[in-house]
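Student: I am attaching a structure below and will ask some questions about it afterwards.
Numbering (full-length UniProt numbering), first residue to last: 1 to 627.
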């Protein structure tokens with residue numbers, strides 16, 4: 001065509017051009033709002049799904065952790081007592097049962113069992129020892145500063161006195177504990193100090209030490225006199241040793257024959273010390289000093305003890321009678337236990353024990369499952385480590401690929417953020433028209449929707465494997481899919497075992513949700529590369545999931561004829577794009593033969609000659625004032 005074609009009427013191209021632009025901006029605005037709405041809704045769903053998964057997973061993690069700690073403590077008891085297998089399990093079950101009606105914590109009861117082993121308690125006496133020690137701990141444990149010190153101290157008494165050596169250790173704890181409790185209640189003596197005095201005096205030879213009942217009374221007596229266990233036991237022990245070496249001198253001071261003094265010393269060492277102390281009561285200070293020096297009683301501890309015994313005979317006698325009676329009956333400790341166990345604090349402690357026992361019992365039911373899973377998974381980990389050691393360069397390449405995938409996921413996260421904030425970024429349109437942000441956003445949204453939809457549709461083929469790379473979102477999707485596929489398992493477990501059974505079933509499903517993606521990923525790696533460690537790993541995880549009793553229809557291991565789906569058909573997309581470009585080129589060539597005057601009243605069109613295929617004979621002018 002020879003000359004430029006002139007449109008006969010005033011062709012206001014700006015009306016169409018800018019009108020189209022305004023419509024596009026309006027559409028973008030609406031799209032941005034819609035995208036934000038979709039983003040918010042997706043985020044809300046994601047949060048709720050995450051909360052739901054956490055609400056289910058957290059209790060399961062708690063019960064499993066409680067059971068693991070409980071079993072670990074039982075292992076410590078096994079080490080000290082020799083209990084193993086069914087005997088150890090039965091002991092643990094009895095601990096949980098008894099914990100429901102006592103304020104001693106489960107941890108304290110386990111500590112008692114461990115101490116029993118350290119004290120040499122026979123395995124067939126351990127349960128009775130634990131019961132007696134629990135009563136002692138509730139009644140007097142706080143006086144000792146804790147269960148460990150309390151049971152260790154009282155448990156050592158058995159072998160020190162001839163009255164207790166032939167007794168069962170649980171009876172020793174009950175009887176000596178009753179004496180200690182009675183003496184503490186009768187005066188200002190404290191349980192820990194009395195017990196300390198008993199242990200210190202217990203180291204003396206049987207021939208020169210008082211009975212357990214009298215020793216306990218002496219401990220309370222001296223503490224009331226302001227003499228602690230260390231000084232009192234040292235002074236009294238020193239007195240007995242000195243008297244045994246010079247019986248005639250002490251007999252003369254007491255006005256007794258040597259034989260009578262020896263007889264008294266042998267049958268009643270405390271009576272001997274008391275009589276000697278009384279014999280000094282009428283001496284003047286200088287006479288007392290000479291007499292003690294002559295008898296070689298010179299230490300400050302011994303003088304304090306003799307002085308207390310000489311002025312407190314009646315009080316000591318009363319304490320001795322109370323101690324002997326409490327030891328014989330053995331009921332004082334249980335009475336104190338009952339009182340403390342039934343306080344409000346005791347009831348709260350029992351309620352806590354019941355919850356903890358429930359958690360441990362439930363966890364114990366899940367631990368065998370977890371143990372089987374670990375037995376299957378550990379060989380996989382070992383195989384992977386061995387393979388990496390043998391193929392360091394290839395392993396490095398895989399890590400680089402994984403880093404690339406991680407970077408891609410970061411880009412996806414950024415795109416998602418752009419979509420949710422699209423409304424606030426619309427003004428960038430005029431600054432970057434050529435970049436076509438609508439296209440970017442549309443492609444991103446469509447791509448994300450396509451990925452998620454395809455992931456769900458192909459879950460049983462390869463979708464589970466891909467979810468591994470989606471982090472927490474992939475975990476939520478995996479758990480939701482497993483729960484959906486195995487809901488009948490949960491309902492049946494609920495019908496058979498109530499809420500407890502349902503929780504255990506959900507726990508198994510949760511474990512399967514963790515393992516399924518890993519199984520599928522290893523299976524894919526094995527099929528693509530032929531690596532045996534990957535195939536074996538997938539098989540081991542498959543067996544672990546099968547042991548859980550979950551639905552295995554989506555397992556990749558159970559699909560020997562599995563064919564990896566072809567990649568996205570980019571060739572067809574490229575062919576379509578090429579056809580569109582050719583069609584556009586033809587249109588531009590036709591426009592290139594025309595001379596078009598574009599009337600632009602507001603200056604929106606700056607340079608339309610830069611479009612491909614258009615020739616520079618296009619003119620622009622203003623229609624200002626033109627109708």
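Each residue gets a CB set at the ideal place from its N, CA and C atoms; glycine is no exception.
1. Are residue 340 and residue 476 closer than 8 Å when you measure CB to CB?
2. With the cut-off set at 8 Å, would you say residue 180 and residue 236 are in Cβ contact?
3. How far does the alpha helix (DSSP H) with residue 541 in it extend, from its first residue to its last?
4. Run the CB neighbour count on residue 239, radius 10 Å, all protein chains shown included, and call it buried at 16 or more, exposed below.
5. Going by beta-carbon coordinates alone, are residue 106 and residue 357 separated by less than 8 Å?
6. Assuming residue 459 is part of the alpha helix (DSSP H), what are its boundary residues?
7. Apply the 10 Å Cβ neighbour rule to residue 58 and answer buried if 16 or more other Cβ atoms are within range, or exposed otherwise.
8. Taking only three categories from DSSP, how would you classify residue 161?
9. For residue 161 and residue 216, I'd like the C-alpha separation in whole angstroms.
10. Touch check for the stretch 221-228 and the stretch 327-341: three-plus C-beta pairs under 8 Å?
11. Leaving out the 5 sequence neighbours to the left and right, which residues in its chain are closer than 6 Å to residue 206 when beta-carbon positions are compared?
12. Determine, using beta carbons only, whether residue 295 and residue 249 come nearer to each other than 8 Å.
13. Would the stretch 97-104 count as touching the stretch 67-82 if we require 3 or more Cβ pairs under 8 Å?
14. Can the beta-carbon of residue 202 be found less than 8 Å from the beta-carbon of residue 169?
15. If you reduce the DSSP assignment to three classes, tell me which class residue 103 lands in.
16. So what's residue 282 in DSSP terms, helix, strand or just coil?
17. Any idea what DSSP makes of residue 499, helix, strand or coil?
18. With respect to the alpha helix (DSSP H) encompassing residue 314, which residues constitute its N-terminal and C-terminal limits?
19. With DSSP run on the structure shown, which of helix, strand or coil describes residue 83?
20. Beta carbon of residue 511, beta carbon of residue 548: below 8 Å?
21. Does the separation of the CB atoms of residue 229 and residue 305 fall below 8 Å?
22. Kindly indicate which three-state DSSP category residue 486 falls into: helix, strand or coil?
23. DSSP three-state call for residue 297: helix, strand or coil?
24. Give the secondary structure of residue 135 by DSSP, where H, G and I count as helix, E and B as strand, and everything else as coil.
25. With distances taken from CA atoms, which of 284, 316, 338 is nearest residue 187?
26. Beta-carbon separation of residue 182 and residue 322 under 8 Å?
27. Please classify residue 282: is it buried, with 16 or more other beta-carbons within 10 angstroms of its beta-carbon, or exposed?
28. Assign residue 119 to one of three DSSP states: helix, strand, or coil.
29. For the alpha helix (DSSP H) containing residue 339, name the first residue and the last one.
30. Mind checking whether residue 502 and residue 493 have CB atoms under 8 Å apart?
31. Below 8 Å, how does it come out for the stretch 300-314 and the stretch 258-269: are there three or more Cβ pairs, yes or no?
32. Using the C-alpha atoms, what's the distance from residue 120 back to residue 191?
33. Specify, as a first and last residue, the run of the alpha helix (DSSP H) that residue 215 falls within.
34. Could you tell me whether the stretch 143-150 touches the stretch 345-361, where touching means 3 or more Cβ pairs closer than 8 Å?
35. Specify the secondary structure class of residue 302 as computed by DSSP and reduced to three states.
36. Output the distance between the C-alpha atoms of residue 307 and residue 136, rounded to the nearest integer angstrom.
Tutor: Per the coordinate set shown:
1. Residue 340 places its beta carbon 8 Å or farther from that of residue 476.
2. Cβ atoms of residue 180 and residue 236: not closer than 8 Å.
3. The continuous alpha helix (DSSP H) containing residue 541 extends over residues 532-548.
4. Around the Cβ of residue 239, a 10 Å sphere holds 16 or more other Cβ atoms; the residue is buried.
5. Contact: yes.
6. No alpha helix (DSSP H) contains residue 459, which DSSP labels as neither H nor E.
7. Because residue 58 carries a pLDDT of 49, less than 50, the predicted location of this residue cannot be relied on, and no value is offered for it.
8. Coil, per DSSP.
9. Computed Cα separation, rounded: 12 Å.
10. Contact fails: fewer than three Cβ-Cβ distances are below 8 Å.
11. These residues qualify, in order along the chain: 162.
12. Contact: yes.
13. Judged by pairs of C-beta atoms under 8 Å, the stretch 97-104 does not touch the stretch 67-82, as fewer than three such pairs exist.
14. Result no, Cβ atoms of residue 202 and residue 169 do not sit closer than 8 Å.
15. In the structure shown, residue 103 sits in coil (DSSP, three-state: anything other than H, G, I, E or B).
16. Coil, per DSSP.
17. The three-state secondary structure of residue 499, taken from DSSP, is helix.
18. Its alpha helix (DSSP H) spans residues 313-329.
19. In the three-state DSSP reduction, residue 83 falls in the coil class, being neither helix nor strand.
20. Residue 511 is a Cβ neighbour of residue 548, given a cutoff of 8 Å.
21. No, they are not a contact pair.
22. DSSP places residue 486 in the coil class of the three-state scheme, outside both helix and strand.
23. Coil, per DSSP.
24. Reduced to three states, the DSSP call for residue 135 is helix.
25. Taking residue 187 as reference, the option from 284, 316, 338 with the minimal CA-CA separation is 316.
26. Yes.
27. Classification for residue 282: exposed.
28. Residue 119 falls in the coil class under three-state DSSP.
29. According to the DSSP assignment, residue 339 belongs to the alpha helix (DSSP H) that extends over 332-341.
30. In terms of Cβ geometry, residue 502 and residue 493 form a close pair [threshold 8 Å].
31. With the cut-off at 8 Å, the stretch 300-314 and the stretch 258-269 do not touch.
32. Rounded to whole angstroms, residue 191 to residue 120 spans 24 Å at the Cα level.
33. Residues 212-224.
34. Segments in contact, no.
35. Correct three-state label for residue 302: helix.
36. Looking at the two C-alpha atoms, the distance is approximately 34 Å.
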